[in-house]
Ligand code: KIV
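In my numbering, the protein residues as written are 3 to 284.
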């Protein structure tokens, strides 16, 4: 007999069905505790490889391993009940061949129990996306600024300026980012993250393709939005232009730590209520 959870978790087809519907809300999470909070309000939780920057202090996402993604992916699954959990495929775990991608994605799905994987790349990854989706692995694609390619790109710059200018001139040509969007949609991705892409291009892509676009530094016209949780909570001092801070947890945490340190030093903490047998019964 199988024991099913009473709460039905969202699936990749549920998210695909939201094209042109109610905006899809997505945030990152890497831990069970934050996952349980994010789960109450979001449709999708992304276990992003940005965990390399946020949790481990790496300059880029390039050093992130499959093992790191699996460990945190499993934690997020344990902490959440209703959101679709998507786990990022880290750099080096899928680019060599579609077979390599399948083995890595299958490990992620088996060992975390997540509902989908995400990988970076447009037209160049279309064959791999088709290979995975035909074999039962839902894929979220990621186009525009693809941080895993930082060493080839040189810097984290916004993408699609020339395409936006062509659109503004009324030219009906498809640029490389639009081609990437069409390629991943036709390959069977159930949605696509569009990162740091000029607004008119992101808007045009959203109107053109049949799968939901999830914007980050893209357009309010996208079918959904994603941010890195720690960025929007105000835990990172330096964030990209596209981040809106919905909280200022960095200074709240610092205040709490300062208060604790001061009270330990002055012996105000622990008080009688925090020790065993230290407070006489009334
Ligand atoms: O790794 C990540 O957090 C991401 C988001 C920025 C989309 O890919």
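Cβ coordinates follow ideal geometry from the N, Cα and C atoms, glycine included.
As DSSP reads the structure, residue 157 sits in no beta bridge. The alpha-carbon of residue 177 is positioned some 31 Å away from that of residue 233.
Short note on residue 48: C-beta closer than 7 Å to some heavy atom of the ligand KIV. Within 10 angstroms of the beta-carbon of residue 30 lie 16 or more other beta-carbons, which makes it buried.
Assigned with DSSP and collapsed to three states, residue 218 falls in strand. By a beta-carbon distance limit of 8 Å, residue 117 contacts residue 88. Their separation comes to about 7 Å. Taken atom to atom, the span from the alpha-carbon of residue 165 to that of residue 179 is near 8 Å. Between the alpha carbons of residue 271 and residue 261 lies a gap of roughly 10 Å. When C-alpha distances from residue 236 are compared across 76, 119, 35 and 56, the shortest belongs to 56. Pairing residue 96 with residue 74, the inter-Cα distance amounts to about 19 Å. In the three-state reduction of the DSSP assignment, residue 30 falls in the strand class.
A distance below 7 Å between beta-carbons, with the five flanking residues on each side excluded, links residue 245 to the following residues of its chain, in chain order: 229, 233 and 234.
In this structure, residue 52 has its CB closer than 7 Å to one or more heavy atoms of the ligand KIV. Distance from the CA atom of residue 214 to the CA atom of residue 192, rounded to whole angstroms, is 7 Å. Counting other Cβ atoms within 10 Å of its Cβ, residue 146 reaches 16 or more and is therefore classed as buried.
For residue 75, the enclosing alpha helix (DSSP H) starts and ends at 68-81.
Judged by DSSP in its simplified three-state form, residue 12 adopts coil rather than helix or strand.
The DSSP-derived three-state label of residue 241 is coil.
Using a C-beta cut-off of 8 Å, the segment 10-23 makes no contact with the segment 56-70, since fewer than three inter-stretch Cβ pairs fall below that distance.
Remark: the shortest separation between the CB of residue 131 and any heavy atom of the ligand KIV does not fall under 7 Å. With a cutoff of 8 Å on beta-carbon distance, residue 81 and residue 160 are scored as not near each other. Residue 223 is a Cβ neighbour of residue 204, given a cutoff of 8 Å. The secondary-structure analysis by DSSP pairs residue 145 across a beta bridge with 196. Annotation for residue 100: the continuous alpha helix (DSSP H) segment containing it runs 100-114.
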